[in-house]
Every structure is written in structure tokens, then in C-alpha cells.
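Asks:
Residue numbers (the numbering used here): 744 to 1126.
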């Protein structure tokens, strides 16, 4: 029996904070949980499945104590920024299997006020060292810059084409009252911003913020009795990439595996998708992911993202909240992709609403493109 279409997101809430030196990450988790449960018309007492990450090896236990949870099923899968998209798929499977009835997914981080600038430090090697990662300690932005450089070399992609993506995300952020940066920018502004790791400029890189959010999932059957319009989990897939033994293709993106599989499981095609929420740690992440997902051919990402195609009103609106490039990026942004997709499918996007949105594709990336990374794709549908 297929699990797809049997589970729904019934509660979604994004914490409005972008800088909260007066709060702890646990407070943000708790407030987000309360917001999502209120949105669903449920209480903490209804929750019997708990999913979270980004709080240390046994942080889930401390969060259960903080929230006074005694769940029947838990999951602390940690595969980088895609973790919370993965949690939604795992929650759907757990609910379908009868392991829990109401799943709560939470995230909270004080990356900005805690002065933890995600992506600027060298790698912490807790696993067998790779040939180049361990001795020389590249930064995360350096790894993504290598992907961008390789894409430019292979296909002739330009910095101006990457800058178009940043400009579009900022335009969307201008419609989001909670976005960290809302002032319009131009391609020239992006190209004039300082180089962080060539060829990536400052405005090619995600913001650093505090923030958090939460989601509530339950069976589609139970969702019919709740107040909010349910959003169905129609399909999904997970994939990983790594250097392997002698294999090192910087442009081999996990989305190439997870994307087609998720679409097939949902029984939909690329042309059916009304909007996409794509992890945008850097502009190159968006371009490479859209290619890998199959929305355009390899090397055509620059042209695909130009001319307003991925903007509101275009053929495939991407990151209608402004994304990690302009709205927020507390370190692991996958949960916000799902929250924004839910808003769109409920018709709650406000000025940023995609007209008659019925299907949304969410894709989270964790780790570093070109090296070890995860890719999780999920298809959500309006009930």
C-alpha cells in the first residue's frame, strides 16, 4: 500500500524573528510548536510523534523535556539543511505505518545573535577525513564557489546570470513583511558587492539570521475534521552524494536522483508544478538544483532563471518568501521551504500568492554541493 496522499500537513508556523538575542533556540522551538499546533487546532497533548534536528546529538531528549512531550515515535535525522523536508517524509511514513497519529516537526536557531556564521568556518571533521577536506579545511562557501566556477567553465554561465536569481529573491522578499532584507537590488548591485569566494559575491550568499518554525502532520482522514485546509504529501524521495573512490564530479547533484523519483511517486510531471521552494544557500544552489531536478537541461539554468521565469507571475515561481538569500537562513532552512509551500497551497501567500497554486515542489539541500550532500524532494498538493 502506498503512503502517498494519505498524510497531510495541517499546521504550519514560521517564527517572525530574524534577530533575537533575548531568546534561546529552545524558546524558538517552543513558540514555533505552539504556533503550528494552534494553526492546526490541536494541542501539545495530541502529539505522539516528534521530529527535530540541529540541537546536538541528544538535543531531541532535551526538547522533549522542554515541551513536556512523551512521544511514541521520534526521529532526529540530521542530514544538513534538508533534514526537515526529510522529517516530513518520515512523518508521513510513520503515520501511515501506525507508529504515531500526530507528528510535530520543530526547528529553532540563534545563528545570528549567537554569532555562529554558518558557512564561514572550516569543516569539523568527526568522520574519516577526506583527501582534501581535512588537511586544508575549505569553508562551505568555498565549496559552493567551486561548483559555480565549474559550471561557468563547463557551460559558460555568467555571474550576471547568478545575480538575476538574487535579484528575484529580493523582489519576493519585498512582499514579505518578516524578511530580513526587503530593499530592491539590481544585477549591478550584486556584481558590485564584494567577492566572498570567487566567483560568488556577497549578495550571491544567503543571509545569516535567527529563526525557527514548526509543522504538524496527521492522516488525511483525520485532517478532514480540522479547521485548516490540509496540504497532502503526494510524493517524495531522498538521495545523497559523496566523493567516493576516485569519483569527483562537482556538478553531480543529489536532486538528479531524488527529483525524478519524487515526481514519479506523486504521479505528476514538471509541467504540473505551480511553484517551487528550492534551498538557496547560494545563487548557484538554485541554478544547479533546477537543472538537476529536470526543469531544464544541464547548462541551461542561467537562461531558465532569466526573464522573470522564476519570479512571481512567471512560469515557475521560486521561493516566494524571498528564500535564504533575502528572508532568513538560521542555518538549516528546509523547514521554511515546506512552510511557504503550505502557505501557497492554502492560498495564504498574500501579495506573494501564486495564482491558483495546486502543486508545489519542495527541495532541500544539506551539506555541500560538489562534496558530501543530501537532497530531499517532496511534492505537496492542495486537497
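Idealized CB from N, CA, C, for every residue including glycine.
It should be emphasised that the depicted structure is a prediction, and the values quoted were computed from it without experimental measurement.
Alpha carbon to alpha carbon, how far is residue 962 from residue 968? Give it in angstroms, no decimals.
Replies: 11 Å
Asks: Tell me whether residue 1074 sits in a helix, a strand or coil according to DSSP, three-state version.
Replies: Assigned with DSSP and collapsed to three states, residue 1074 falls in coil, not helix or strand.
Asks: Using the Cα positions of residue 966 and residue 903, report the straight-line distance between them to the nearest angstrom.
Replies: Roughly 45 Å between the two C-alpha positions.
Asks: Assuming residue 913 and residue 1069 form a contact by the criterion Cβ under 8 Å, report the distance between their Cβ atoms to the nearest whole angstrom.
Replies: 5 Å
Asks: Closer than 8 Å is the cut-off here; do at least three beta carbon pairs connect the segment 1102 to 1122 with the segment 1007 to 1024?
Replies: Verdict: yes, contact present.
Asks: I need the DSSP call for residue 838, collapsed to helix, strand or coil.
Replies: helix
Asks: Going by the beta-carbon positions, is the gap between residue 832 and residue 1119 smaller than 9 Å?
Replies: yes
Asks: Going by CA-CA distance only, name the one from 816, 917 and 921 that's closest to residue 928.
Replies: Comparing Cα positions, the closest option is 917.
Asks: For residue 1020, does the three-state DSSP call read helix, strand or coil?
Replies: DSSP places residue 1020 in the strand class (E or B) of the three-state scheme.
Asks: CB-CB under 7 Å to residue 856, same chain, minus the five flanking residues each way: which ones, in chain order?
Replies: Closer than 7 Å at the Cβ level, and outside the excluded window around residue 856, lie 762, 763, 764 and 953.
Asks: I need the straight-line Cα distance from residue 853 to residue 767, nearest angstrom please.
Replies: 7 Å
Asks: Just checking my contact of residue 797 with residue 1051 at CB under 8 Å: how many whole Å lie between their CB atoms?
Replies: That pair is no contact at about 35 Å.
Asks: Give me the Cα-Cα distance between residue 838 and residue 895, rounded to the nearest whole angstrom.
Replies: 44 Å
Asks: Can you give me the Cβ contacts of residue 862 inside the same chain, cut-off strictly under 6 Å, excluding the 5 residues immediately before and after it?
Replies: Note that residue 862 scores a pLDDT of 43, beneath 50, so its modelled location is shaky and nothing firm can be said.
Asks: Please return the same chain residues whose Cβ sits closer than 7 Å to the Cβ of residue 840, not counting the five positions on each side in sequence.
Replies: none
Asks: For the segment 929 to 936 against the segment 1052 to 1062, are there 3 or more C-beta pairs whose distance is under 8 Å?
Replies: They do not touch, by the three-pair rule.
Asks: On a Cα-Cα basis, can you pick out the residue from 825, 845, 829 and 891 that is closest to residue 815?
Replies: 845
Asks: Okay, do the segment 1077 to 1087 and the segment 988 to 1005 touch, 3+ Cβ pairs below 8 Å being the bar?
Replies: no
Asks: If we count the other Cβ atoms within 10 Å of its Cβ and call it buried at 16 or more, is residue 945 buried or exposed?
Replies: exposed
Asks: I'd like to check one pair, residue 978 with residue 1012: are the Cβ atoms closer than 9 Å?
Replies: no
Asks: Classify residue 1124 as helix, strand or coil using the three-state DSSP reduction.
Replies: strand
Asks: Contact criterion: CB-CB distance below 9 Å. Does residue 826 meet it with respect to chain C?
Replies: Absent here is chain C; the protein component of the structure consists of one chain.
Asks: Where does residue 793 fall in DSSP's three states?
Replies: strand
Asks: With a threshold of 7 Å on Cβ separation, who are the neighbours of residue 937 within its own chain once the five nearest residues in sequence on each side are excluded?
Replies: 944 and 945
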